[in-house]
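Presented below is the structure to which this report refers.
In this note's numbering, the protein residues as written are 1455 to 1531.
Structure, rendered in structure tokens:
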């Protein structure tokens, strides 16, 4: 039962991290639109904009993998 609680905790933490990152990215888009800038200028260059997208992708993958681990057959036995 301890592994299941740990898996649920990891899933919830990764989900909250993803939601916070998405909200920050959304606010960046609003700021960029209102001030006539581009996201790579605000982030400090094309590399950091790519890292911002990569962070969102990795958090999404973490949510998916940790969500699958909650419902895996090995832990339910």
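By construction, the Cβ of each residue, glycine as well, lies at the ideal position given by its N, Cα and C atoms.
Legend entry - C-beta atoms of residue 1500 and residue 1494 nearer than 8 Å: Taking 8 Å as the cut-off, the beta carbon of residue 1500 is found closer than this to the beta carbon of residue 1494.
Legend entry - Buried/exposed call for residue 1465, threshold 16 Cβ in 10 Å: buried
Inset, instruction - Please report how far the alpha carbon of residue 1460 lies from the alpha carbon of residue 1490, in whole angstroms. - result: 45 Å
Legend entry - Beta-carbon separation (whole angstroms), residue 1517 vs residue 1476, contact threshold 8 Å: Not a contact, Cβ separation roughly 11 Å.
Legend entry - Cβ-Cβ separation, residue 1479 to residue 1515 (assumed contact under 8 Å), whole Å: In fact, because the Cβ distance is near 16 Å, the residues do not count as touching under 8 Å.
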